[in-house]
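Asker: Here it is: the structure, laid out below.
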Amino acid sequence: MIKKFDKKDEESGSGSNPFQHLEKSAVLQEARIFNETPINPRRCLHILTKIIYLLNQGEHFGTTEATEAFFAMTRLFQSNDQTLRRMCYLTIKEMANISEDVIIVTSSLTKDMTGKEDVYRGPAIRALCRITDTTMLQAIERYMKQAIVDKVPSVSSSALVSSLHMVKMSYDVVKRWVNEAQEAASSDNIMVQYHALGLLYHLRKNDRLAVTKMLNKFTKSGLKSPFAYCMLIRIASKLLDETEGGHDSPLFDFIESCLRNKNEMVVYEAASAIVHMPNCTARELAPAILSLLTTLEVAMKHPSAVTACNLDLENLITDSNRSIATLAITTLLKTGSESSVDRLMKQISSFVSEISDEFKVVVVQAISALCQKYPRKHSVMMNFLSNMLRDDGGFDYKRAIVDCIISIIEENPESKETGLAHLCEFIEDCEHTVLATKILHLLGKEGPRTPQPSKYIRFIFNRVVLESEAVRAAAVSALAKFGAQNDDLLPSVLVLMQRCMMDSDDEVRDRATFYMNVLQQKQKALNAAYIFNGLSVSIPGLEKSLHQYTLEPSEKPFDMKSVPLATTPITEQKTEIAPVATSKLPEKLGPSRQDIYQEQLAAIPEFQSLGPLFKSSEPVQLTEAETEYVVRCIKHTFARHMVFQFDCTNTLNDQLLQKVMVQMEPSEAYEVVNYIPALSLPYSQPGSCYTLVRLPDDDPTAGRKAWITGIFRLPSQLGKKLGADPYTVFSGSGI
1 MIKKFDKKDE ESGSGSNPFQ HLEKSAVLQE ARIFNETPIN PRRCLHILTK
51 IIYLLNQGEH FGTTEATEAF FAMTRLFQSN DQTLRRMCYL TIKEMANISE
101 DVIIVTSSLT KDMTGKEDVY RGPAIRALCR ITDTTMLQAI ERYMKQAIVD
151 KVPSVSSSAL VSSLHMVKMS YDVVKRWVNE AQEAASSDNI MVQYHALGLL
201 YHLRKNDRLA VTKMLNKFTK SGLKSPFAYC MLIRIASKLL DETEGGHDSP
251 LFDFIESCLR NKNEMVVYEA ASAIVHMPNC TARELAPAIL SLLTTLEVAM
301 KHPSAVTACN LDLENLITDS NRSIATLAIT TLLKTGSESS VDRLMKQISS
351 FVSEISDEFK VVVVQAISAL CQKYPRKHSV MMNFLSNMLR DDGGFDYKRA
401 IVDCIISIIE ENPESKETGL AHLCEFIEDC EHTVLATKIL HLLGKEGPRT
451 PQPSKYIRFI FNRVVLESEA VRAAAVSALA KFGAQNDDLL PSVLVLMQRC
501 MMDSDDEVRD RATFYMNVLQ QKQKALNAAY IFNGLSVSIP GLEKSLHQYT
551 LEPSEKPFDM KSVPLATTPI TEQKTEIAPV ATSKLPEKLG PSRQDIYQEQ
601 LAAIPEFQSL GPLFKSSEPV QLTEAETEYV VRCIKHTFAR HMVFQFDCTN
651 TLNDQLLQKV MVQMEPSEAY EVVNYIPALS LPYSQPGSCY TLVRLPDDDP
701 TAGRKAWITG IFRLPSQLGK KLGADPYTVF SGSGI
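Dropping the structure here:
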């Protein structure tokens with residue numbers, strides 16, 4: 001009898017595997033029902049499943065036991081149940097090496113192999129080839145040849161794979177099936193083609209000339225199967241290594257051509273083969289690296305599509321080319337499972353110190369995405385990131401790590417104290433003002449709400465003592481938030497504020513004095529209004545309003561409600577850089593786009609007398625994106641003038657443009673007053689030039705719409721070098 005589960009076992013979860021407590025003797029006892037008449041397919045299936053399970057678990061079956069069970073099972077061929085018949089084939093394969101006289105079922109298998117039921121034929125071939133020895137092989141040779149070229153793909157594949165297994169047993173007999181295998185290699189079915197190529201290679205692998213001829217044939221004729229292409233790439237790569245063929249070899253050309261295959265699996269296999277070749281130059285590696293980059297891009301959008309490549313990608317982590325190693329590890333971070341995180345972190349730490357900051361940022365970005373995917377692994381990733389913070393690196397690298405740690409803190413409350421501790425340790429030696437102030441802002445926001453907020457006070461006040469003015473001011477603001485939220489810490493914070501009031505910088509002193517007076521009131525409403533929320537107005541707008549208030553003295557106090565709110569984010573100066581942390585950060589209020597343009601134009605002497613800016617238009621592209629010079633136009637409307645701002649970008653990496661300006665041909669009644677050129681326009685660095693136009697006094701529609709035709713003024717030397725006129729014409733409309 002099979003051991004039954006009691007209630008305690010089921011509650012403990014041991015019942016999740018119904019075969020966990022099987023006993024071999026009980027299963028063999030049950031196998032006696034194979035001899036009963038009529039046959040019960042359902043019960044017999046269940047018993048065969050148990051036998052296969054025990055065999056795969058390593059259970060030892062004696063020869064006598066296995067033979068008795070095998071002979072009892074042969075009676076099941078009398079049943080016409082398809083599932084039971086296929087399970088019989090599988091059991092025959094598993095018991096072929098431990099039972100005696102298994103050859104007794106040869107006639108039954110041969111009958112199924114040549115029968116009309118396609119669902120039987122393939123499994124019967126595989127089972128028959130497992131029990132066939134050298135003496136019996138010639139008896140079924142005719143059937144095997146017919147099966148290899150069978151029109152049913154499952155039958156043909158079964159015969160080809162079985163033939164491949166029998167090569168070791170009887171090479172001379174299987175070699176006579178080469179013509180049939182070559183015919184199968186031209187099949188439209190991708191698996192048949194793949195298996196046929198594998199059989200042909202194993203029959204010829206000891207003959208280098210024959211392998212070369214086979215490669216030449218298939219590389220020229222082409223294949224439909226991506227699996228076959230991958231095998232050809234591996235065969236060609238091995239042959240190149242054995243013959244020490246150079247990169248001028250046709251085989252290398254074939255591998256390189258596979259980088260342009262439509263199937264990503266073939267492209268990756270070709271790239272992997274090239275990067276593992278000895279003595280490859282940077283020029284020869286470039287296409288392979290580009291293909292690996294493509295694999296990374298696919299992994300970002302469709303991780304499951306490249307999961308099959310994970311084993312090969314792990315081998316690339318140790319590649320001597322650190323660019324390839326970085327791309328491999330980044331792809332693995334995108335496609336890896338939760339169980340592989342620990343191993344990947346160890347592998348990264350072995351080479352991360354040897355790569356450039358640019359690649360380090362890529363790795364950190366991938367870790368940030370992995371943190372969101374597997375939040376339970378935040379402790380492992382946090383420790384790894386803290387070790388990276390201690391290493392030498394530039395601003396972008398450090399900023400990427402800090403942003404990643406902040407995103408983990410915001411998404412995983414359990415990691416808050418650990419993350420804040422790492423950041424506190426980092427700012428002790430931080431050389432970047434922006435990062436120090438950002439961390440201090442985070443400490444002021446999250447620190448007071450931790451179980452032990454007092455432990456962060458020391459790190460914050462150290463910044464007041466040791467750092468620059470901007471960091472000291474940020475530290476004072478962070479201290480104020482601790483005093484406003486923790487009554488126990490308020491006396492200590494007030495003492496520290498008194499020390500800050502003696503600082504050498506006026507902003508630090510002003511902040512300390514302001515917060516000191518607010519905190520002494522001990523009113524939650526004041527704390528919320530002046531310490532936690534802060535100003536929500538446009539800073540440039542506030543400056544202009546205050547300046548206007550001083551020019552026109554009034555007995556009424558200054559009204560903050562007259563200052564415009566900073567509700568419009570800056571959209572014109574965004575760069576297309578992938579965000580390091582994709583967590584939802586709180587929205588930050590900044591000056592409006594109108595205020596930005598007002599300040600920029602007011603800084604130009606020629607525009608200072610134009611008065612207030614009425615309206616700025618949205619940017620309009622005047623050139624195509626792929627042209628040598630990219631130009632966009634923004635129209636600024638004043639009371640009596642219009643300023644056309646042309647943002648220009650030079651896309652020629654070997655040219656430096658100087659004194660770049662746009663000449664306009666205005667219609668009647670419009671007068672061009674002045675041109676302000678861009679003094680220098682290096683490669684890929686945008687610059688702005690301006691054209692000032694006076695509006696007609698008698699045109700009520702002036703400024704609403706303008707149609708322009710301009711000329712890019714180039715230096716005469718550059719024009720001669722380009723072999724063209726010193727002017728390049730372009731046009732645009734709808735400004």
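Residue numbers (full-length UniProt numbering): 1 to 735.
C-beta: ideal position from N, C-alpha, C; glycine also.
Is it buried or exposed, PRO18, if we count other Cβ atoms within 10 angstroms and call 16 or more buried?
Answerer: Within 10 angstroms of the beta-carbon of PRO18 lie fewer than 16 other beta-carbons, which makes it exposed.
Asker: Check CYS689 in the structure and name its three-state DSSP category.
Answerer: strand
Asker: Give me the Cα-Cα distance between ILE539 and PRO553, rounded to the nearest whole angstrom.
Answerer: 21 Å
Asker: Less than 8 Å between the C-beta atoms of THR83 and LEU45, yes or no?
Answerer: yes
Asker: Secondary structure at GLN663, three-state DSSP: helix, strand or coil?
Answerer: strand
Asker: Check whether the Cβ of PHE607 lies closer than 7 Å to any heavy atom of the ligand MG, and answer yes or no.
Answerer: The ligand MG is not part of this structure, which contains no ligands at all.
Asker: Tell me whether HIS21 sits in a helix, a strand or coil according to DSSP, three-state version.
Answerer: coil
Asker: Could you pull out every residue in the same chain whose Cβ sits closer than 6 Å to the Cβ of VAL105, ignoring the five residues on either side in sequence?
Answerer: Correct list, in chain order: THR74.
Asker: Among LYS346, ASP342 and VAL363, which has the Cα closest to the Cα of THR326?
Answerer: VAL363
Asker: Which stretch, first to last residue, makes up the alpha helix (DSSP H) that contains THR134?
Answerer: Counting along the chain, the alpha helix (DSSP H) containing THR134 begins and ends at 134 to 137.
Asker: If I measure Cβ to Cβ from ALA228 and keep anything under 7 Å in the same chain, skipping five residues before and after, which residues do I get?
Answerer: GLN193, TYR194 and LEU197
Asker: For GLU244, which three-state DSSP category applies?
Answerer: Judged by DSSP in its simplified three-state form, GLU244 adopts coil rather than helix or strand.
Asker: Going by beta carbon distance, what residues of the same chain come within less than 6 Å of GLN20, once the five residues before and after it are set aside?
Answerer: Nothing listed; no residue qualifies.
Asker: Assuming residue 803 and ILE47 form a contact by the criterion Cβ under 8 Å, report the distance between their Cβ atoms to the nearest whole angstrom.
Answerer: Residue 803 is absent from the structure shown; the chain starts at 1 and stops at 735.
Asker: Helix, strand or coil for TYR629? Go by DSSP, reduced to three states.
Answerer: Of the three classes helix, strand and coil, the one that applies to TYR629 here is strand, per DSSP.
Asker: I need the DSSP call for LYS556, collapsed to helix, strand or coil.
Answerer: coil
Asker: Quick one: grab the DSSP three-state call for ARG694.
Answerer: strand
Asker: Does the beta-carbon of ALA159 have 16 or more other beta-carbons within 10 angstroms, so that it is buried, or is it exposed?
Answerer: buried
Asker: Does DSSP classify GLU671 as helix, strand or coil?
Answerer: Strand at GLU671.
Asker: By DSSP's criteria, GLN621 is part of a beta bridge. Which residues make up the other side?
Answerer: ARG632
Asker: Given this structure, state the Cα-to-Cα distance separating LEU519 from GLN655, to the nearest angstrom.
Answerer: 59 Å
Asker: Please return the same chain residues whose Cβ sits closer than 6 Å to the Cβ of ALA639, not counting the five positions on each side in sequence.
Answerer: The beta carbon of ALA639 sits closer than 6 Å to the beta carbons of GLY611 from its chain, once the five residues preceding and following it are set aside; these are given in chain order.
Asker: Using the C-alpha atoms, what's the distance from LEU240 back to LEU128?
Answerer: 38 Å
Asker: Taking buried to mean at least 16 other C-beta atoms within 10 Å of its own C-beta, is PHE395 buried or exposed?
Answerer: exposed
Asker: When we look at the beta-carbon of MET331 and count the other beta-carbons within 10 Å, is it buried (16 or more) or exposed?
Answerer: Correcting the residue identity first, residue 331 is Thr in this sequence and not Met. So THR331 ends up on the buried side.
Asker: Whole-angstrom Cβ separation of GLN485 and PRO448, contact assumed at under 8 Å?
Answerer: Indeed they touch by this definition, with Cβ atoms about 4 Å apart.
Asker: State the start and end residues of the unbroken alpha helix (DSSP H) segment that holds VAL465.
Answerer: 457 to 466
Asker: Within this structure, are the beta carbons of ARG463 and ALA475 separated by less than 8 Å?
Answerer: yes
Asker: Enumerate in chain order the residues of its own chain whose CB-to-CB distance from LYS659 is below 6 Å, with the five nearest sequence positions on each side excluded.
Answerer: PRO677
Asker: Taking 7 Å as the limit between beta carbons, can you name the residues of its chain near CYS430, skipping five residues before and five after?
Answerer: ALA436
Asker: Starting from the Cα of TYR675, find the closest Cα among THR63, PHE607 and GLU36 and give me that residue.
Answerer: PHE607
Asker: Going along the chain, which residues of its own chain have a beta-carbon closer than 8 Å to the beta-carbon of LEU333, five neighbours each way excluded?
Answerer: LEU344, VAL363, ALA366, ILE367, ALA369 and LEU370
Asker: Just the Cα atoms here: how many angstroms apart are LEU209 and THR243?
Answerer: Cα-Cα distance, rounded: 11 Å.
Asker: Return the first residue and the last residue of the beta strand (DSSP E) that THR649 is part of.
Answerer: 641 to 650
Asker: Count the other C-beta atoms from every protein chain shown that fall within 10 angstroms of the C-beta of LEU546, then say buried if there are 16 or more, exposed otherwise.
Answerer: LEU546 should be labelled exposed.
Asker: What separation, rounded to the nearest whole angstrom, lies between the Cα atoms of MET388 and ASN206?
Answerer: Cα-Cα distance, rounded: 50 Å.
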